[in-house]
């Protein structure tokens, strides 16, 4: 059964395959960048090198640590990968705090499922599995947003207990309880 895990080098090959599926227009969803310290972004070619991929994984993991310095305007985040064994299925970020921009359009939690794994309920599983983690981080409730025309994501958020607050800047804003019932 697929689960959320901290980023790991064990999924290197399938991470690259997912990157290829998303293509250049959507590659930002792979999260092949680090906001820790001096921000750094990896290219597909760099990430193909096992040593560079390990460096990417380490950098992403540090983003959750309170002592990690971030550039002004950025917040600590826990990045989790949704995997089934060594198969990378998607990524999810839990932002520990909200900036004015995140309050408007980004929210606490963002996620992406690789194209070949879509329409299998994975986004719902990812969001549901992330809620207790967000709760441990002191987030209650979590703000989760989606584009107004993204019916699939809206269903995911509502299935997790999301209550629609409003629409801002083309985004629907939902508040989702993080406590375990």
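Residue numbers (the numbering used here): 1195 to 1375. Positions of the beta carbon are idealized from the N, C-alpha and C atoms, including for glycine.
Its Cα nearest to that of residue 1212, the residue 1223 stands out among 1319, 1223 and 1269. With a contact defined as Cβ atoms closer than 8 Å, residue 1283 and residue 1277 qualify at about 6 Å.
Remark: C-beta atoms of residue 1358 and residue 1303 do not approach each other more closely than 9 Å. Residue 1212 sits in a helix when the DSSP states are folded into three classes.
Under the criterion of beta carbons closer than 8 Å, residue 1257 and residue 1271 qualify as touching, at roughly 5 Å. Residue pairing of residue 1365 in beta bridges, as defined by DSSP: 1341 and 1362.
Approximately 5 Å separates the beta-carbon atoms of residue 1236 and residue 1250; this is inside 8 Å, confirming the contact. Of 1351, 1279 and 1201, the smallest CA-CA separation from residue 1253 is found for 1201. Spanning the alpha carbons of residue 1246 and residue 1207 requires a straight line of approximately 13 Å. Residue pairing from DSSP places residue 1304 in a beta bridge opposite 1287. Excluding its 5 nearest sequence neighbours in each direction, residue 1309 has C-beta neighbours in its own chain below 6 Å: 1215, listed in chain order. For secondary structure counted as the alpha helix (DSSP H) over 4 or more consecutive residues, the stretch 1223-1273 holds these complete runs in sequence order: 1238-1242 and 1244-1256. In the three-state DSSP reduction, residue 1198 falls in the strand class (E or B).
The DSSP-derived three-state label of residue 1298 is helix.
Your pair residue 1210 and residue 1232 does not check out as a contact, with CB atoms roughly 24 Å apart and the cut at 8 Å. At least 9 Å separates the beta-carbon of residue 1292 from that of residue 1274. Nearest to residue 1255 by C-alpha distance, out of 1364, 1315, 1325 and 1226, is 1226.
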